[in-house]
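Number 97 in the numbering used here belongs to position 70 of the sequence shown; there are no gaps in the numbering.
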Amino acid sequence: MATNATSTAAKVETVTLRQLAEGLSESHELPKKQVMGMLEEMVGDITKHLKRGARIRIGGLGILQVRKRPARMGRNPATGEAIKIKASKKIAFRAAKDLKESI
């Protein structure tokens, strides 16, 4: 019996915005609610700038930007039928060199 690759891999921890806020509130002695509000506002600002087509550079972390993917032809894997895949926009993240080297 073949095992599923995801079941054998070690479970990766997911850190949430709330957990980041808790850590920052403790290290900077600020109320959790205030830090959470600041982080949520930052996410909102990043979203707003990405919608406008801006590139977001976060020092030590990386660059977020919207990439336009052109329309293309693809195949339905079940039937083999050719289908048209419409153009779309995707968010791309490129990690900073310092971040890559620290990992």
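Note that CB positions come from ideal geometry on N, CA and C, so glycine has one too.
Residue i to residue j span [Cα, whole Å]
| i | j | result |
| --- | --- | --- |
| Met100 | Glu68 | 39 Å |
| Glu128 | Ala122 | 10 Å |
| Pro58 | Asn103 | 52 Å |
| Glu40 | Arg94 | 28 Å |
| Leu51 | Val70 | 16 Å |
| Lys113 | Thr106 | 19 Å |
| Val116 | His55 | The identity of residue 116 in the sequence shown is Lys, whereas the question assumes Val. Straight-line Cα distance between these residues: approximately 37 Å. |
| Met124 | Ile90 | Sequence check: residue 124 is Lys here, not Met. Their Cα atoms are separated by approximately 11 Å. |
| Ala119 | Gln92 | 5 Å |
| Met111 | Ala81 | Sequence inspection shows Lys at residue 111; the Met mentioned does not correspond to that position. Between Lys111 and Ala81, the C-alpha separation is close to 29 Å. |
| Gln131 | Glu108 | As displayed, the chain neither begins before 28 nor continues past 130, which places residue 131 out of reach and without an answer. |
| Lys38 | Lys75 | 33 Å |
| Arg79 | Pro97 | 19 Å |
Strand pairing of residue i, partner residues [DSSP]
| i | result |
| --- | --- |
| Ile90 | Arg84, Arg121 |
| Lys60 | The partner list for Lys60 (beta bridge, DSSP) is empty, contrary to what the question assumes. |
| Arg102 | Ala109 |
| Lys116 | Lys95 |
Residue i classed as buried or exposed, judged by whether at least 16 other C-beta atoms fall within 10 angstroms
| i | result |
| --- | --- |
| Val42 | exposed |
| Ala48 | buried |
Whole-angstrom C-beta distance between residue j and residue i, which should lie under 8 Å
| i | j | result |
| --- | --- | --- |
| Leu44 | Leu66 | 6 Å |
Cβ contact check for the region 73-87 and the region 52-62: 3 or more pairs under 8 Å:
no
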